[in-house]
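Start counting the sequence shown at 1; every next residue gets the next number (UniProt numbering). Just so you know, even glycine gets a beta-carbon here, dropped at the ideal spot from N, CA and C. Everything below concerns the one structure shown next.
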Amino acid sequence: MSIPSIVTPPLSGTFSTESVSNDSTDLISISEIFGPTIQGEGALIGTQTIFVRTAGCDYRCSWCDTGYAVLPEFDNDWKNMDAESVFNKIESLSNKQAMWITLSGGNPAMQNLEPLIKLGQAKGYKFSMETQGSIAKPWFALLDQLTFSPKPPSSGMRFKHKGLQRCLDACETLEIINSQTHPDVSLKFVVADQDDLLWAKEIAEQYPQLPCYVQPCNNNADINVDNRSTADDLENKEENSPYDQKQKMLWLIDAVQSLNWTDVRVLPQLHVWLNVE
Numbered sequence: 001m002s003i004p005s006i007v008t009p010p011l012s013g014t015f016s017t018e019s020v021s022n023d024s025t026d027l028i029s030i031s032e033i034f035g036p037t038i039q040g041e042g043a044l045i046g047t048q049t050i051f052v053r054t055a056g057c058d059y060r061c062s063w064c065d066t067g068y069a070v071l072p073e074f075d076n077d078w079k080n081m082d083a084e085s086v087f088n089k090i091e092s093l094s095n096k097q098a099m100w101i102t103l104s105g106g107n108p109a110m111q112n113l114e115p116l117i118k119l120g121q122a123k124g125y126k127f128s129m130e131t132q133g134s135i136a137k138p139w140f141a142l143l144d145q146l147t148f149s150p151k152p153p154s155s156g157m158r159f160k161h162k163g164l165q166r167c168l169d170a171c172e173t174l175e176i177i178n179s180q181t182h183p184d185v186s187l188k189f190v191v192a193d194q195d196d197l198l199w200a201k202e203i204a205e206q207y208p209q210l211p212c213y214v215q216p217c218n219n220n221a222d223i224n225v226d227n228r229s230t231a232d233d234l235e236n237k238e239e240n241s242p243y244d245q246k247q248k249m250l251w252l253i254d255a256v257q258s259l260n261w262t263d264v265r266v267l268p269q270l271h272v273w274l275n276v277e
């Protein structure tokens with residue numbers, strides 16, 4: 001079963017992109033490790049993977065669906081683990097069969113994940129990560145796949161272009177030094193309303209070289225999606241029900257097409273549709 005969503009109000013002020021990292025320690029703050037399951041969104045949607053969800057985040061998005069990995073009041077449920085212990089858990093879950101590992105959060109960029117990535121890649125595992133693009137780390141260049149998911153206006157967070165650019169620059173760091181290949185990088189936007197969509201399109205147009213994905217916000221987002229349904233249909237609609245998710249997808253498809261935004265992929269959150277982790 002899915003862990004219940006925990007929604008928190010956005011905090012006032014801005015967040016430092018330099019002072020919240022955990023690179024001074026060999027320990028990784030972990031919220032949960034689970035799988036194999038499927039990746040439910042973005043570039044690797046449908047791919048079998050093990051999830052490593054790190055704990056802690058420098059953002060407080062209004063519609064966050066993983067508050068248990070973000071809010072300090074849940075820190076009694078978090079564990080500090082070294083890379084070897086995390087990888088042992090991965091091998092146990094995967095029966096030592098190399099597969100994709102998804103690094104998630106919270107914001108996994110707050111942790112020092114370089115030792116874990118190197119340990120896993122030495123045994124054939126591939127690493128994917130999603131982060132909002134607020135904290136840049138040189139080890140980003142080691143990843144096999146990296147999704148930047150800047151948070152839109154509905155999140156209550158302030159987007160910083162310079163922060164995202166530093167993250168993109170970090171993807172090239174080790175390639176220049178060690179002639180290693182950099183990760184496949186993409187952009188992914190959660191869209192709760194028309195303002196979010198217009199904002200996402202504006203950001204994506206600044207990075208035309210990057211594949212771009214948009215998905216409807218499926219956590220307490222009041223999207224006015226349906227002028228075609230009957231009153232009985234609307235009365236029976238429940239938040240995040242299959243009906244609600246379908247209407248949000250149909251709205252987003254129509255909205256993207258109305259903008260003539262042809263080089264973006266519109267995807268659901270597959271795990272939300274299926275009600276699985």
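Rounded to a whole number of angstroms, what is the C-alpha to C-alpha distance between residue i and residue j?
i           : j           : result
residue 179 : residue 164 : Low local confidence applies: a pLDDT of 42 at residue 179 is under 50, so the model's placement there is unreliable, with the coordinate-based value given in what follows. Between residue 179 and residue 164, the C-alpha separation is close to 23 Å.
residue 30  : residue 63  : 21 Å
residue 41  : residue 267 : 7 Å
residue 119 : residue 54  : 17 Å
residue 257 : residue 88  : 46 Å
residue 200 : residue 131 : 16 Å
residue 228 : residue 244 : Unreliable placement is indicated for residue 228, whose pLDDT of 31 sits below 50; the coordinate value is still reported in the next sentence. The straight-line gap from Cα to Cα measures roughly 13 Å.
residue 223 : residue 56  : Because residue 223 sits at a pLDDT of 39, beneath the cut-off of 50, its placement in the model cannot be relied upon, and the point is left open.
residue 112 : residue 140 : 10 Å
residue 172 : residue 97  : 29 Å
residue 74  : residue 260 : 43 Å
residue 174 : residue 182 : Legend: pLDDT at residue 174 = 49, less than 50; position of this residue unreliable, value from coordinates given subsequently. Cα to Cα, residue 174 sits roughly 8 Å from residue 182.
residue 251 : residue 32  : 33 Å
residue 72  : residue 60  : 11 Å
residue 90  : residue 125 : 10 Å
residue 95  : residue 76  : 29 Å
residue 161 : residue 206 : 10 Å
residue 265 : residue 45  : 12 Å
residue 213 : residue 121 : 27 Å
residue 105 : residue 210 : 22 Å
residue 58  : residue 241 : 30 Å
residue 253 : residue 157 : 25 Å
Can you tell me where the alpha helix (DSSP H) holding residue i begins and where it ends?
i           : result
residue 199 : 194–204
residue 87  : 83–94
residue 114 : 114–121
Taking DSSP as the reference, what is the three-state secondary structure of residue i?
i           : result
residue 248 : helix
residue 207 : coil
residue 67  : helix
residue 278 : The question about residue 278 has no answer here: the residues shown for the chain are numbered 1 through 277.
residue 35  : strand
residue 159 : coil
residue 99  : coil
residue 243 : helix
residue 256 : helix
residue 73  : helix
residue 41  : coil
residue 267 : coil
residue 216 : strand
residue 142 : helix
residue 134 : coil
For the beta strand (DSSP E) containing residue i, list its first residue and its last residue.
i           : result
residue 48  : 48–54
residue 131 : 126–131
residue 186 : 184–191
Would the beta-carbon of residue i fall within 7 Å of that of residue j?
i           : j           : result
residue 52  : residue 103 : yes
residue 187 : residue 127 : no
residue 100 : residue 47  : yes
residue 35  : residue 50  : yes
residue 170 : residue 137 : yes
residue 116 : residue 129 : no
residue 86  : residue 28  : yes
residue 82  : residue 144 : no
residue 216 : residue 248 : yes
residue 285 : residue 198 : The requested residue 285 does not occur in the structure, where the chain is confined to residues 1 to 277.
Please check if any C-beta of chain E sits within less than 7 Å of the C-beta of residue i.
i           : result
residue 167 : Reference to chain E is not applicable here, since this structure consists of a single protein chain.
Under 6 Å: does the beta carbon of residue i sit that close to some heavy atom of the ligand MN?
i          : result
residue 59 : The ligand MN is not part of the structure shown, which contains no ligands of any sort.
The stretch 184–196 / the stretch 150–167 touching (three or more Cβ pairs under 8 Å): Proximity of the stretch 184–196 to the stretch 150–167 meets the contact definition, three or more beta-carbon pairs being nearer than 8 Å.
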